[in-house]
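A.B. asks:
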Amino acid sequence: MPPIYQTTTYAQKSPGVHQGYEYSRSHNPTRTRLEENLASLENCKYALVTSSGVSAEALIMHSLKPGSTIVCGDDVYGGTYRLFTTVFHEFHQFIFIDTTDKVLVEKTLKENNVDLMWIETPTNPMLKITDLKSISTIAKKYKVKTVVDNTFMSPIFQNPTSFGIDVVLHSMTKFINGHSDVVGGCITLNSKKDYEKLWKLQNSIGPTQSPFDSWLVLRGIKTLNIRMKAHEKNAIEIAKYLEGHSKIEKVIYPGLKSHPQHKLAKKQMTGFGGMITFFLKGDIKKSKKFLSSVKIFSLAESLGGVESLIEHPAIMTHASIPKKVREEIGIHDNLIRISVGIEDIDDLLKDLECALNKV
Ligand SMILES: *Cc1c(COP(=O)(O)O)cnc(C)c1O
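Residue numbers for the sequence shown follow numbering that gives the first Met the number 0, so the first one is 0 and each next one is one higher.
Encoded structure:
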C-alpha cells in the first residue's frame, strides 16, 4: 500500500536541488499516486486531484480568459449552477441550454462566440443523456473546448475522452471514493498545455487534497469496479419495481426501456449506474410522508456511497435553483431521487414497499 505522506515539506539535498517534491500544496507523493490512478482509469495522460468537485470546476473557470462564453447544460448539479450563476457570472457569460438537443447546440455555437461547453451526462436529477460523439464533433467544428462532468457514471461506465471530449471532471466525493467519508474532485485530460495551466492555478490558489483523503480515495478505488456493478444490479431491480407500482407516476432510469434515450445510453455507457429519479403520485405532503417513512434509505443529500440515500431535489440538492427554472427543467415537488447502495436488494425493496404503504 502507498504510505500516507503526512508532510507539508521535503528535505532538499542542497539549495534548490530537491527529490521531486518541495511543498505539499504543489505536490505530495500520496496525491501523485491517486492522480496516476485516475488518469489511467479515464485513459488520460494527466490528472489533478482537488479539494472538492466544485473546486475542480472553479479551476477550469479560472483557466478561461475573462469574458469567455460558456454553454452549459440546463440540468446540471445544483452546486455547479450556483458556482456559475452566483460566482463566475461576474467574469464570464453563461448560456444554459438542453445539450441533448443537437440542433440547438449547433445553432448556439454558430450564433455565439463560445469558448467552452460544459456537459453533464446523465444529468442530475433528470438523467437526460447527451450524445458525446455528436456533441464533440460539433464543438470541434466551432473550435469549442468540451468538459464532461462524469460523476454519475464514474470511469467504470463511461470514458468521455474516447468520444473526443477534451476534459473530464469528477466529484470524487461520490462513486469514486464511494464510502461517504471524503470530499474531493479531479480533472483528467490529455493536453499538456491545459494541464500545466490548471496545475499552476491549483498551486497558486490552493485547492489541493490532503494526503490522508487521497489515500482513502485510493483505497476506495480498489473496489470501484465491483461497487459500480453492485449499484447497477440493485438499481435495475428497484427501477423495475417502482415502474410497476400503482403509487408511482413515472420512473426515470437509463436502464429502463421506457427511458427516451435508452438506446443512446447503451451505446455510450457500459452500465446504467445507480441513480434513479421518480415521481410519486400526489403532492408535496405525500412526498414528505414517503421520505420520512423510509428506514434503510437515509434521507440525505449526496450520492454514490455504498449506502442507499434518498432525497427531495426541490427542497434539498436543487434548492439553489430558482423555482421557475426548476419547474421548467421538470424538478417538481413530487420528484424524488435515490442513490441506490449495495445493500441486500430484498431489504431495499421492502423498505420502499413499507414507505409507499404509508402514503
Ligand atoms: C457532487 C457533485 C459535484 C460537486 O462536487 P463536490 O465534491 O460536492 O464539490 C459536481 N457534479 C456532480 C454531478 C455532483 O454530483
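Ideal Cβ positions, reconstructed from N, Cα and C, are used throughout, including at glycine.
1. Exposed or buried, which one is T150 when buried takes at least 16 other CB atoms within 10 Å?
2. Return yes when the Cβ of T136 is within less than 8 Å of the Cβ of I128, no when it is not.
3. Any chance you could list the alpha helix (DSSP H) runs of at least 4 consecutive residues sitting entirely within the stretch 235-278, in chain order?
4. Given a cut-off of 8 Å on the beta-carbon distance, is the pair Y302 and S338 in contact?
5. Ligand 1 and S338: does any heavy atom of the ligand fall closer than 7 Å to the residue's C-beta?
6. Just checking F95 against ligand 1 - is the residue's beta carbon closer than 7 Å to any of the ligand's heavy atoms?
7. Quick check on H258: buried or exposed, where buried means 16 or more other Cβ atoms within 10 Å of its Cβ?
8. How many Å lie between T49 and T107 at the Cα?
9. If we count the other Cβ atoms within 10 Å of its Cβ and call it buried at 16 or more, is E326 buried or exposed?
10. Let me check understanding here. Comparing Cα to Cα, which of K101, H331, G273 lies closest to S307?
11. Going by DSSP, name the residue or residues bridged to L82.
12. Please check if any C-beta of chain C sits within less than 8 Å of the C-beta of M274.
13. Determine the closest residue to M169 out of D350, I295, V53, with distance taken between C-alpha atoms.
14. Determine whether the beta carbon atoms of S213 and T29 lie at a separation below 8 Å.
15. Would you mind giving the Cβ-Cβ distance between G304 and S179, rounded to the nearest angstrom? I have them listed as a contact below 8 Å.
16. So what's G19 in DSSP terms, helix, strand or just coil?
17. Should T145 and E41 be called a contact, given that it needs their Cβ atoms to be closer than 8 Å?
18. Counting C-beta neighbours from all protein chains within 10 Å, is the total for G270 16 or more, i.e. buried, or is it exposed?
19. Quick check: the Cα distance between A10 and D165, rounded to an integer number of angstroms?
20. Should V182 be counted as a contact of ligand 1 given a C-beta to heavy atom distance under 7 Å?
21. Hey, which unbroken runs of the alpha helix (DSSP H) at 4 residues or more fall wholly within the stretch 27-52?
22. Within 8 Å, do at least three Cβ pairs link the stretch 90-109 to the stretch 66-82?
23. Out of P210, N233, C353, which has the shortest C-alpha to C-alpha gap to T31?
24. In whole angstroms, what is the alpha-carbon distance linking I118 and I134?
25. Is the closest heavy atom of ligand 1 to the C-beta of F363 under 7 Å?
26. Would S286 be called buried (16 or more neighbouring beta carbons within 10 Å of its own) or exposed?
27. So the beta strand (DSSP E) L63 belongs to, where does it begin and stop?
28. List in chain order: all unbroken alpha helix (DSSP H) runs of 4+ residues lying wholly within the stretch 159-241.
29. Does the distance from the C-beta atom of T172 to that of S51 stay below 8 Å?
30. Classify C353: buried if its beta carbon has 16 or more other beta carbons within 10 angstroms, exposed otherwise.
31. Relative to the C-alpha of D343, which residue among T84, A229, F90 is closest?
32. Alpha helix (DSSP H) containing S133: first to last residue?
33. So what's E310 in DSSP terms, helix, strand or just coil?
34. With a threshold of 7 Å on Cβ separation, who are the neighbours of F156 within its own chain once the five nearest residues in sequence on each side are excluded?
35. Rank S245, T187, S153, L131 by C-alpha distance to the C-alpha of G219 and give the top, closest one.
C.D. replies: According to the structure data:
1. Against the sequence shown, residue 150 aligns to sequence position 151. T150 comes out buried.
2. In the sequence shown, the residue the question calls residue 128 occupies position 129. In the sequence shown, the residue the question calls residue 136 occupies position 137. No. Outside cutoff.
3. 261-267
4. Counted from its first residue, the sequence shown places residue 302 at position 303. Counted from its first residue, the sequence shown places residue 338 at position 339. Looking at the sequence provided, one finds Leu at residue 302 rather than Tyr. Cβ atoms of L302 and S338: closer than 8 Å.
5. Translated into positions along the sequence shown, residue 338 becomes position 339. Every heavy atom of ligand 1 is 7 Å or more from the Cβ of S338, so no.
6. Stepping through the sequence shown from its first residue, residue 95 is reached at position 96. No, ligand 1 has no heavy atom inside 7 Å of this Cβ.
7. The count along the sequence shown starts at 1 and reaches residue 258 at position 259. With 16 or more other Cβ atoms within 10 Å, it is buried.
8. Against the sequence shown, residue 49 aligns to sequence position 50. Against the sequence shown, residue 107 aligns to sequence position 108. Rounded to the nearest angstrom, the two C-alpha atoms are 31 Å apart.
9. Mapped onto the sequence shown, residue 326 falls at position 327. Counting Cβ neighbours within 10 Å, E326 comes out exposed, since fewer than 16 surround it.
10. As a working mapping, residue 307 is identified with position 308 in the sequence shown. Nearest option by C-alpha distance: G273.
11. Position 83 of the sequence shown, counting from 1, holds the residue named residue 82. Paired residues: none, contrary to the question.
12. Given the protein chain composition of this structure (a single chain), no chain C is represented.
13. Taking the sequence shown and counting its residues from 1, the one referred to as residue 169 is at position 170. A quick correction: the sequence has His, not Met, at residue 169. Of D350, I295, V53, the residue nearest in Cα terms is V53.
14. The residue you call residue 213 lines up with position 214 of the sequence shown. The residue you call residue 29 lines up with position 30 of the sequence shown. In this structure, T29 lies closer than 8 Å to S213 by Cβ.
15. Along the sequence shown, one-based indexing puts residue 304 at 305. Along the sequence shown, one-based indexing puts residue 179 at 180. With 8 Å as the limit, G304 and S179 qualify as a contact, their Cβ atoms being about 4 Å apart.
16. Numbered from 1 along the sequence shown, position 20 holds the residue referred to as residue 19. The answer is coil: DSSP assigns G19 none of H, G, I, E or B.
17. On the sequence shown, position 146 is the one that residue 145 refers to. On the sequence shown, position 42 is the one that residue 41 refers to. No, the pair does not count as a contact, with Cβ atoms beyond the cut-off.
18. Counting from 1 along the sequence shown, the entry for residue 270 is found at position 271. Under this definition G270 is a buried residue.
19. Translated into positions along the sequence shown, residue 10 becomes position 11. Translated into positions along the sequence shown, residue 165 becomes position 166. C-alpha separation (whole angstroms): 37 Å.
20. Residue numbering aside, residue 182 sits at position 183 when the sequence shown is read from its first letter. Checking every heavy atom of ligand 1 against the Cβ of V182, one is found closer than 7 Å.
21. 28-40
22. yes
23. Here residue 31 is taken as the residue at index 32 of the sequence shown, counted from 1. Comparing Cα positions, the closest option is P210.
24. The count along the sequence shown starts at 1 and reaches residue 118 at position 119. The count along the sequence shown starts at 1 and reaches residue 134 at position 135. Distance between the alpha carbons of I118 and I134: 9 Å.
25. For residue 363 there is no data in the structure shown, the boundaries of the chain being 0 and 358.
26. Taking the sequence shown and counting its residues from 1, the one referred to as residue 286 is at position 287. Buried, by the Cβ-count rule.
27. As a position in the sequence shown, residue 63 is number 64, starting the count at 1. No beta strand (DSSP E) holds L63; DSSP gives it neither H nor E.
28. 191-204, 210-220
29. Reading the sequence shown from its first residue, position 173 is the one you call residue 172. Reading the sequence shown from its first residue, position 52 is the one you call residue 51. It is a contact, given that the beta carbons lie within the stated cut-off.
30. Taking the sequence shown and counting its residues from 1, the one referred to as residue 353 is at position 354. Flag for C353 reads exposed.
31. Along the sequence shown, one-based indexing puts residue 343 at 344. Closest by alpha carbon: A229.
32. Counted from its first residue, the sequence shown places residue 133 at position 134. Taken as a continuous stretch (DSSP letters only), the alpha helix (DSSP H) holding S133 covers 131-140.
33. Here residue 310 refers to the residue found at position 311 when the sequence shown is read from its first residue. Three-state result, E310: strand.
34. Counted from its first residue, the sequence shown places residue 156 at position 157. Excluding positions up to five away in sequence, the list reads M227, M268, T269, G270, G272.
35. In the sequence shown, residue 219 corresponds to position 220, counting from 1. Answer by Cα proximity: S153.
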